[in-house]
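Student: Residues are numbered in our numbering as their position in the sequence shown, beginning at 1, plus a constant of 9. Let me give you the structure first, and then I'll get to my questions.
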Amino acid sequence: MSRRVVVLGAGPGGLAAARALRRYLPREVTITVVDRADEQRLGISLLLVMRGWRNPAEVSVRPADLLRDGVSFLQAEVIGLDPAGQRVHTDRGELPYDALVVALGAEVVPEMVPGLEEAITAGAAGHFYTLGGALQLRERLTCFAGGRILVVVARLPYKCPPAPYEGALLIAERLRDHGLSDSSRVELFTPEPQPLAVAGPAVGQQLAALLAERGVALHVGQELSAVDTARREVVFSSGTREPFDLLVVIPPHRPPAVVRAAGLVGEAGWVPVELPTMRTPVEAVWAVGDVTAVRLPSGLLMPKAAVFAQEQGEAAARDIARALGATVPEPEVSGRGRCWFVTGAGEAGYVEGEFLAEPTPVVRLYPPAPEHFQTMEQELAAWSAQGQG
Ligand SMILES: Cc1cc2nc3c(=O)[nH]c(=O)nc-3n(C[C@H](O)[C@H](O)[C@H](O)COP(=O)(O)OP(=O)(O)OC[C@H]3O[C@@H](n4cnc5c(N)ncnc54)[C@H](O)[C@@H]3O)c2cc1C
Numbered sequence: 010m011s012r013r014v015v016v017l018g019a020g021p022g023g024l025a026a027a028r029a030l031r032r033y034l035p036r037e038v039t040i041t042v043v044d045r046a047d048e049q050r051l052g053i054s055l056l057l058v059m060r061g062w063r064n065p066a067e068v069s070v071r072p073a074d075l076l077r078d079g080v081s082f083l084q085a086e087v088i089g090l091d092p093a094g095q096r097v098h099t100d101r102g103e104l105p106y107d108a109l110v111v112a113l114g115a116e117v118v119p120e121m122v123p124g125l126e127e128a129i130t131a132g133a134a135g136h137f138y139t140l141g142g143a144l145q146l147r148e149r150l151t152c153f154a155g156g157r158i159l160v161v162v163a164r165l166p167y168k169c170p171p172a173p174y175e176g177a178l179l180i181a182e183r184l185r186d187h188g189l190s191d192s193s194r195v196e197l198f199t200p201e202p203q204p205l206a207v208a209g210p211a212v213g214q215q216l217a218a219l220l221a222e223r224g225v226a227l228h229v230g231q232e233l234s235a236v237d238t239a240r241r242e243v244v245f246s247s248g249t250r251e252p253f254d255l256l257v258v259i260p261p262h263r264p265p266a267v268v269r270a271a272g273l274v275g276e277a278g279w280v281p282v283e284l285p286t287m288r289t290p291v292e293a294v295w296a297v298g299d300v301t302a303v304r305l306p307s308g309l310l311m312p313k314a315a316v317f318a319q320e321q322g323e324a325a326a327r328d329i330a331r332a333l334g335a336t337v338p339e340p341e342v343s344g345r346g347r348c349w350f351v352t353g354a355g356e357a358g359y360v361e362g363e364f365l366a367e368p369t370p371v372v373r374l375y376p377p378a379p380e381h382f383q384t385m386e387q388e389l390a391a392w393s394a395q396g397q398g
């Protein structure tokens, strides 16, 4: 009987796993990718949409086009996992599997902060962590007539550790562009003891200096506990209240409900995996990307970023192919990666590092420059072109 590999999620992790599986496994092994969405985009493009530099159609691609030959794409909602019976329940039927890759990412849940959803509905708050959120925030910034904007990281961990800082810098730049900087102020609040704690103190200081230079005030060690829409104030767990005219939140993240219900979540709140195989403790189930918890030698968690999801997808594919009898290279996870850091019109820096280095990650922040922005644009164009060629 032919064997079946099912990949849940068509984000960077799931797509990387599916493509590598197709390279490594003979054609009689079927590979099916399941996702509720028939469009995908890179996280960084949400910042460009929020800033008004891109429209959704310019940054979106269809996973069916990215996957092409030899991998089936099923647009469906995953509604249940049955690890004992080795099958997935979707709203379009059941999928039995011999190997399962869970790449369902992290969902963003504003409802986890009391009052936040109400503030978003009332137009007092917004975020750029989904396409809908980025478009809505873009509108709110267009209507913003000046005042105090707070950018608040609600909980750790969240996707792409540099993104809140990019968001704050881009919003500050937008205000300058529209002649609103004298009547406005942008302030960033994070629960971390320093910005980008996973990258170490030197990067934190560099980032703090960049924010100061561009007029963004930084407040560390502040945990958001509630939003009071009526008074337009955020409340921190310390009891401090801060007034705002517009609140930009990095909403809390958690694993999707279907992953939590299947009992795959471990003590860190995410799916535990073994490196470098990306095996979970559950028989025939691998997990990659944002849904996982990879503990670094420093004790912190591996950042949730596409670059790591892709490397893990490749590693899981190799391990699955070996488990199914194919002769392929051993899985490897280096934890090496680079994230773009967009700071303004035509300029970007990047954060690059070895996150699995011992005893702590070795990370550098490369300061903003026009040539990095151009390279980023080329990479984004190449990614979109994959679905058009
Ligand atoms: C503003 C921003 C900027 C970013 N910038 C960068 C960057 O510069 N570099 C970088 O490396 N990373 C960046 N990221 C992070 C990056 O986007 C994520 O880490 C990456 O998308 C994770 O990939 P993944 O495959 O694990 O999950 P995802 O990309 O989240 O994919 C999960 C998929 O699962 C699907 N899904 C979930 N639940 C179900 C269900 N029940 N049924 C069916 N389908 C389901 C979803 O539709 C989704 O398509 C950024 C993120 C943001 C928000």
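Backbone N, C-alpha and C define an ideal beta-carbon position, used for all residues, glycine too.
1. Quick one: is the Cβ of residue 295 within less than 7 Å of any heavy atom of ligand 3?
2. Would residue 342 and residue 285 be called neighbours here (beta carbons separated by less than 8 Å)?
3. Residue 117 and residue 106: beta carbons closer than 8 Å?
4. By the three-class DSSP mapping on this structure, what secondary structure does residue 91 have?
5. Please go through the same chain and pick out, in chain order, the residues whose beta-carbon is closer than 6 Å to the beta-carbon of residue 398, but skip the five residues on each side of it.
6. Going by DSSP in three states, residue 115 sits in which element: helix, strand or coil?
7. Check residue 398 in the structure and name its three-state DSSP category.
8. Please classify residue 192: does DSSP put it in a helix, a strand, or coil?
9. At 4 residues or longer, and completely inside the region 288-341: list those alpha helix (DSSP H) runs for me, N to C.
10. Is it a yes or a no for the region 171-178 touching the region 188-206, going by three-plus beta-carbon pairs under 8 Å?
11. Check residue 348 in the structure and name its three-state DSSP category.
12. Per DSSP, what kind of secondary structure is residue 104 in: helix, strand or coil?
13. Quick check: what's the CA-CA separation for residue 125 versus residue 238?
14. Do the region 68-78 and the region 368-386 meet, that is, are 3 or more Cβ pairs less than 8 Å apart?
15. So for residue 35, helix, strand or coil by DSSP?
16. Sort out for me which residues DSSP pairs residue 161 with in a bridge.
17. With a cut-off of 8 Å, do at least 3 Cβ pairs link the region 254-265 to the region 121-141?
18. Relative to the alpha-carbon of residue 281, which residue among 296, 270, 271 has its alpha-carbon at the smallest distance?
19. Could you tell me the alpha carbon to alpha carbon distance between residue 165 and residue 234, rounded to whole angstroms?
20. Taking only the alpha-carbon atoms, compute the straight-line gap between residue 292 and residue 92 and give it to the nearest angstrom.
21. Alpha carbons only, please: which of 31, 128, 108, 141 is nearest the one belonging to residue 50?
22. Going by beta-carbon coordinates alone, are residue 21 and residue 298 separated by less than 8 Å?
23. Please indicate yes or no: does the CB of residue 220 lie closer than 7 Å to some heavy atom of ligand 1?
24. With a 10 Å radius around its C-beta and 16 neighbouring C-beta atoms as the bar for buried, classify residue 152 as buried or exposed.
25. Inspect the beta-carbon positions of residue 45 and residue 108 and report whether they are closer than 8 Å.
26. Around ligand 1, what residues have a beta-carbon under 5 Å from a heavy atom of it, in chain order?
Tutor: Short version:
1. Ligands present in the displayed structure are limited to ligand 1, and ligand 3 is not among them.
2. yes
3. Going by C-beta atoms, residue 117 is not nearer than 8 Å to residue 106.
4. Under the three-state reduction of DSSP, residue 91 is assigned to strand.
5. Residue confidence is low: residue 398 scores 43 on pLDDT, short of 50, so the model does not pin down where it sits. Its coordinate-derived value is still stated next. Around residue 398: no qualifying Cβ.
6. coil
7. A caution first: residue 398 carries a pLDDT of 43, below 50, which makes its placement in the model too unreliable to give a value.
8. coil
9. Fully enclosed alpha helix (DSSP H) runs of 4 or longer: 315-332.
10. Because the criterion of three Cβ pairs below 8 Å is met, the region 171-178 and the region 188-206 touch.
11. strand
12. strand
13. 8 Å
14. no
15. coil
16. 198, 258
17. yes
18. Looking at the Cα atoms, 296 is the closest of the given residues.
19. 13 Å
20. 7 Å
21. 141
22. yes
23. Because no heavy atom of ligand 1 lies under 7 Å away, the Cβ of residue 220 does not count as near it: no.
24. exposed
25. no
26. 18, 20, 21, 22, 44, 45, 46, 52, 53, 55, 86, 87, 112, 113, 114, 138, 168, 169, 172, 265, 267, 298, 299, 313, 314, 315, 316, 318, 348, 349
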